[in-house]
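Asker: My questions all concern the structure below.
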Amino acid sequence: MIEKWIEGSDFFVTLVGDEVFPAVQVKSAGEFYDYHAKYHSEETIYQCPPPLSDDEARKLAKIAQQAYFSLGCKGWGRVDLVRDRLGAFWILEVNTIPGMTSHSLVPMSAKAAGLSFDDLVIKILSTSLTQTEKERKQAYGAEI
């Protein structure tokens, strides 16, 4: 696949169920937010929440939600975006299996939303189980 290069800042938005957590902006010392920048660099800067106006943060959350739900995603995930020099957000990818390590962006975002790691895991499990139960009832019409 060939994509147009968009110069800008990287943003990552976590969704759990219908809830959008605070975005994370990442500034890496290198050109890319790659494996080295994630796990080895002392120069990578994480801002959560990022320095956005309320309107910009709402717009970012809305774009992430629209991307996530328009692809039929449910449960939990993360939407990765870049913001160009003119302020427009561009969707890079929708990640349905984001990382959950000590360096991962989802726990960082959850912490900014006031959730501990344990609470985050419980929320993900609860949301996923509730979603599955709703789908099963819709498919079969009754409790099994």
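In the numbering used here, the protein residues as written are 698 to 841.
All C-beta atoms, glycine included, are put in the ideal place defined by N, C-alpha and C.
Quantities reported herein were computed from a predicted structural model and do not represent experimental measurements.
With VAL723 and THR741 assumed to form a contact (beta carbons below 8 Å), what rounded beta-carbon distance in angstroms separates them?
Answerer: About 7 Å; that satisfies the 8 Å criterion.
Asker: Taking LEU749 and LEU757 to be in contact with their CB atoms under 8 Å, please state how far apart those CB atoms are, rounded to whole angstroms.
Answerer: Yes, they are in contact, since the Cβ atoms of LEU749 and LEU757 sit about 7 Å apart, within 8 Å.
Asker: Use the C-beta contact count for SER844: other C-beta atoms within 10 angstroms, 16 or more gives buried, fewer gives exposed.
Answerer: Residue 844 lies beyond the range of the chain shown here (698 to 841); nothing can be said about it.
Asker: DSSP has GLN744 in a bridge; who is on the other side?
Answerer: According to DSSP, which records beta bridges pairwise, GLN744 is partnered with GLN722.
Asker: How far does the alpha helix (DSSP H) with SER706 in it reach, from first residue to last?
Answerer: No alpha helix (DSSP H) contains SER706, which is instead part of the beta strand (DSSP E) from 705-713.
Asker: I'd like the span of the beta strand (DSSP E) that includes ARG780, first residue to last.
Answerer: Its beta strand (DSSP E) spans residues 773-781.
Asker: Please tell me whether PHE709 and LEU778 are closer than 9 Å, where the distance is taken between their beta carbons.
Answerer: In this structure, LEU778 lies closer than 9 Å to PHE709 by Cβ.
Asker: Below 8 Å CB to CB, which residues in the same chain sit around GLY727 once its five sequence neighbours on both sides are set aside?
Answerer: Result list for GLY727: HIS733, ALA734, SER738, in chain order.
Asker: Could you check the C-alpha separation between ASP816 and GLN835 for me, to the nearest Å?
Answerer: Rounded to whole angstroms, ASP816 to GLN835 spans 28 Å at the Cα level.
Asker: Check the C-beta distance from ALA764 over to VAL791 and give it rounded, since I have them as a contact under 8 Å.
Answerer: Right, their Cβ atoms sit about 6 Å apart.
Asker: Give every residue of the same chain whose Cβ lies closer than 8 Å to the Cβ of TRP787, excluding the five residues on either side of it in the sequence, and list them in chain order.
Answerer: So the list reads ILE703, GLY705, LEU778, VAL779, ARG780, ASP781, once near-sequence residues are dropped.
Asker: Measure the alpha-carbon distance for GLU832 versus VAL818 and round it to whole angstroms.
Answerer: Roughly 21 Å between the two C-alpha positions.
Asker: Measuring CA to CA, which of PRO804, VAL713, PHE729, PHE814 is closest to PHE846?
Answerer: Given a span of 698 to 841 for the chain in the structure shown, any question on residue 846 remains unanswerable.
Asker: Report the three-state DSSP secondary structure of PHE729 (helix, strand or coil).
Answerer: Coil.
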